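Read in order, the letters of the sequence shown are residues -16 to 362 in the numbering used here.
For glycine and all other residues, C-beta sits at the position ideal for the given N, C-alpha and C.
Note that the structure is a prediction, hence the values are computed from the model and not measured.
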Amino acid sequence: YISPDTIFVAAISFIAIGFQGRRLDVLEANASLQAHRNEPLEEDTSGLSHKMNSLRSRRKLQNEVVLDIKAMNKDSLMIKKSIKSIEARMDAMEKSLAGERVDRSLADFPFQKFGDWWVADNAMFQFPKGVVIGKKNTICEYGDAVLSVDYGWEGEAMNCPTGHGSVTFGLGNHATGDFATVTGGKFNEASGMASAVMGGRLNEVTGDSSAVIGGELNKATGTYAAVLGGDNNEAAGWSTAVTGGGNNKAYGSYSVVTGGQNNNANGDSASVTGGDSNDVKGDKSSIAGGSKNTVEEEASYSSIGGGYMNVASEQYAVVAKDSIDKAVIKRIENLEEHSPFTCDADRCVSDKKTFRFTSDIKVKGKIHQNPDHTINIGN
């Protein structure tokens, strides 16, 4: 920065130098004119006096010119000194201003170094775009106002918060929904708006405002749904929950499975509190435990307290104990365990073995013998 006063002084100095130079030109011109006028004088005696006077005048004029030149040289030296003084002052001002800028910049710097640590001021910091701690994922399209802590794996970053206002911690986690968070675990994804995965692995949340707390291969696909843990569980209905176990499904709205395995809560406001392979299809119905119990779809407001292979098929039904004889149950279990057939709803397929029948065989339908000696039975 150069002040207006400095510029003004420099301008006056340059004008003075020009003025003195002009004055020197005029004096030199006068001296030349005078010399021209003093041509050889007439040889007569009467002109001798005039010649002497002219010589005296020319000598006087020459002396004046010499004095003027000396004065101009002195003035020129003074002007040069003034210019050098002005330049020195300008350099000093520039250095002072540069120092002030550096001091001001350091004063505004919000960090201080203590050993190997940089410590921030006790102040709020605003990052409109986001913050990545650790490694940057070069194939991730980071959203706005995001936070990612990414240590990486084998030198490669793997977390990716693409949703606006999203957060990713852990390893290989993706937060693709706006305001979604994955705060731990690995290879989890939260794609629903305001959804969350807190830990575990290979968990997925697609429903808005839903969450998986932990476990493995769990899904929260319904809105306001939650899976607390376990594996292969799914909370698919509106405001549903699976709190643990394995391979449990809560499909009906406001339904819940609290544990066990292979249990389904399909009806609205239905619940299965444990056991294995229980299925509640009716609305506002429940199974408290046991195995292979069923509340049919038309049996709303029904309950099965436990047991094995119980069925509630009417409204307001209550099954408090096994509905079939224990001997029959044992026989069924034995057959299921040792049967050479694998059956579904339409047919049974035998093992590749030879069967011997010690009594008659009753067959419904026609028997067709094939050339390879196999038999087809059908209508």
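In terms of Cβ geometry, N201 and G228 do not form a close pair [threshold 8 Å]. Taking the Cα positions, T277 is about 22 Å away from T325. Minimum Cα-Cα distance from Y234 among the listed residues Q109, G213, A208 corresponds to A208. Distance from the CA atom of L50 to the CA atom of S40, rounded to whole angstroms, is 15 Å. Separation of the CB atoms of A219 and V239 is rounded to 12 Å, and the pair is thereby denied contact status at 8 Å.
Bridge partners of L130 according to DSSP: V114, V150.
For Q95, the enclosing beta strand (DSSP E) begins and ends at 94 to 97.
Per DSSP, the unbroken beta strand (DSSP E) holding C331 starts and ends at 331 to 333.
S79 carries a helical assignment under DSSP once its states are collapsed to helix, strand and coil. Here the alpha carbons of K275 and S193 stand approximately 30 Å from one another. In the three-state reduction of the DSSP assignment, K264 falls in the coil class, being assigned neither a helical nor a strand state. Distance between K232 and G242, taken at the CA atoms: about 10 Å. Taking a C-beta distance under 8 Å as the contact criterion, E124 and T145 qualify as a contact pair. Around the beta carbon of H321, fewer than 16 other beta carbons sit within 10 angstroms, so the residue counts as exposed. According to the DSSP assignment, A253 belongs to no beta strand (DSSP E), since it is labelled neither H nor E.
Under the three-state reduction of DSSP output, R339 falls in the coil class, being neither helix nor strand. Here D266 is buried, its C-beta having at least 16 other C-beta atoms within 10 Å. In terms of CA proximity to Y134, G117 leads the group G117, A128, E199. Burial state of G138 is exposed, judged by a 10 Å Cβ sphere holding fewer than 16 other Cβ atoms.
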